[in-house]
Amino acid sequence: MLMTPGLAFFYGGMTRSKSVLNMLMMSTICLAVVSVLWALYGYSWAFGNDVGGGLLGGGEFAGLANTVGAMVGVGSDSAPWPGPDALPALAFVMFQLMFAVITPALISGAVADRTKFWGWTAFVVLWVTIVYYPVAHWVFAFDGFTGPDNVGGWIANTLKAEDFAGGTAVHINAGAAALALAIVLGKRRGWPREPMRPHNLPFVLLGMALLWFGWFGFNAGSALAAGDLAATVFTNTMLATATALIGWLLVEQFRDGRPTTLGAASGAVAGLVAITPACGFVRPVGALAIGLIAGAVCALAVGLKFRFGLDDSLDVVGVHLVGGIVGTLLIGFFGDNSVNSAAAGDNGLFYGGGLVQLGRQALAAGAVLLYSFVVALVLGYLIKVTIGFRIDEENEATGIDETEHAETAYDFSSLGTRALAGASRPATPATREPVGETR
């Protein structure tokens, strides 16, 4: 749960000061709405016995029926969780809920500064229902895990693509939806002519630190037991994040002549994203390579939004979609089944497995990307023409915090105009925005 407030601070610091509360609220509402839907039907659709050819779980766990006092994993060696013989079903329910909560929250960064709060809330309800819960079934529901005769999702069991903790179900899924919503809502007022600088880089670093810490639970917790696998995952998560941070800063240094604080934070998150699918299937040396590659590739990718005119406000596409794809595909090179005795797929290319697993990984990534993008695009336009999805230009100029929430994050009225005029401007990371006057 710590990761969602961490994400709120990470995103909140990257926005302008007149948008920070709205950004925090977009993450916070996910905690409430997704939790309720998860209990009502989300968990059942994700982990219930398959009713749609590997596409959707059934209704036996609706309202969390058949979970109180029940156990999961009994007699199961389902990949990627060799785990204990059993653990309380409700513990697994709550652990997986945290994945469901943060996934739509990740999307919010692409539409910062301009999204109606209730329009966003409606999108979250519809998107997790139509996209996240089915995709979680595809990727995370293994045959026999939540019941001895239960059948799981097609990616995990039929295709045998590997995703230890959510590179496809969380990051590619969220990144594809973010791309769709950035198209639906269009550019912010003044972008890219006017710089949209982060207003609080210490918030960004605080958010990054909370995410980094929480990610150990996200990844290592997916082993579902203390042991060699969890220790390997913990190690891989740390190493990939470290090398990704370095890789991003090296790109900034060679391209722009200086490393930035925002680059360090973004590089760390890119590494966390990329190692998420691979952490339980690669050796530490593979994690080092995956992180370095992801940090460099994502650093280059975030600049493409200016070339294509796509206002992905906080680089969700460049970090989460690209990072998720990089990590998912690199399993096809660095995957080593000796790391995880329950791995369902083949070894990667560098460990004698040929290109078979790479093909599986590519198909899984492509399927999730396409499904999430198309559905999010349709939902975005549907909300836009019904209840409205974007604030008008006048309200955007005033600031979304005031117009949507009747609040501001900071009260400078007691300082006076002279003090405000002398206040220092926020830093401008050269990799993100053109230099210009602050709005």
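Heads up: take any position in the sequence shown, counting from 1, add 513, and you land on the numbering used here.
Idealized CB from N, CA, C, for every residue including glycine.
Quick check on this structure: which residue in the options has the alpha carbon closest to the alpha carbon of residue i?
i	options	result
V782	F523, G740 and M514	F523
A635	F925, T899 and T911	T899
I620	T517, R873 and V564	T517
W953	H650, D662 and A690	Outside the shown range of the chain (514 to 952) lies residue 953, about which nothing can therefore be said.
Q719	Y923, G526 and M514	Note on residue identity: the sequence assigns Leu, not Gln, to residue 719. It is G526 whose Cα lies nearest to the Cα of L719.
A521	N663, G861 and I615	I615
A875	G893, Y864, L762 and L843	L843
D626	F886, Y923 and L827	L827
A880	I668, A777, L813 and V641	I668
K700	D824, G740 and G901	D824
A736	A545, A889, V644 and Q609	Q609
A809	T789, V832, R820 and F819	V832
C811	S779, I696, F846 and L569	S779
D611	V839, G734 and F819	Note that residue 611 is Met in the sequence shown here, rather than Asp. Of the listed residues, the one whose Cα sits closest to M611 is G734.
A753	L603, D662, G840 and Y923	G840
What do you get for residue i, buried or exposed, if any count of 16 or more other CB atoms within 10 angstroms of its CB means buried?
i	result
P715	exposed
E765	buried
L817	exposed
V581	exposed
L723	buried
D676	buried
R873	buried
L537	buried
V549	exposed
What is the rounded straight-line gap between the Cα of residue i and the Cα of residue j?
i	j	result
G837	E917	32 Å
A807	A787	6 Å
N791	L895	Looking at the sequence itself, residue 791 is Ala, so the reference to Asn does not match. One C-alpha to the other measures close to 36 Å.
F1023	D905	Limits of the chain in this structure are 514 at one end and 952 at the other, which puts residue 1023 out of reach.
N713	S530	8 Å
A674	K897	36 Å
M514	S854	29 Å
A693	V869	30 Å
E915	A878	39 Å
F646	W728	Here residue 646 is Tyr; the residue named in the question, Phe, does not match the sequence. Distance between the alpha carbons of Y646 and W728: 21 Å.
P772	L763	7 Å
V891	L639	11 Å
A777	A678	23 Å
N495	V683	The structure shown does not extend to residue 495, since the chain is modelled only from 514 through 952, so no value can be given for it.
S532	A919	12 Å
N732	A743	8 Å
D769	N749	30 Å
G561	A618	24 Å
A564	T756	The question names Ala, but residue 564 in the sequence shown is Val. Each residue's alpha carbon lies about 42 Å from the other.
T528	I913	11 Å
M584	G760	43 Å
T944	G566	Low per-residue confidence applies at T944: pLDDT is 42, beneath 50, and the placement is therefore not dependable, though the value from the model is reported in the following sentence. Their backbone Cα atoms lie some 45 Å apart in a straight line.
G680	L785	10 Å
F819	V624	15 Å
Segment contact, 8 Å Cβ cut-off, at least three pairs: the region 840 to 852 with the region 655 to 664: no
Beta strand (DSSP E) runs contained entirely in the region 778 to 828, provided each spans 3 or more residues: none
contact_flag[the region 673 to 692, the region 797 to 804] where n(CB pairs < 8 Å) is 3 or more: no
contact_flag[the region 570 to 577, the region 544 to 559] where n(CB pairs < 8 Å) is 3 or more: yes
Segment contact, 8 Å Cβ cut-off, at least three pairs: the region 857 to 865 with the region 699 to 708: Taking 8 Å as the limit for Cβ pairs, the verdict is that the region 699 to 708 does not touch the region 857 to 865.
Validate contact between the region 643 to 651 and the region 884 to 892 using beta carbons, cut 8 Å, 3 pairs: yes
Minimum length 4: unbroken alpha helix (DSSP H) runs contained in the region 533 to 606: 533 to 550 and 556 to 560
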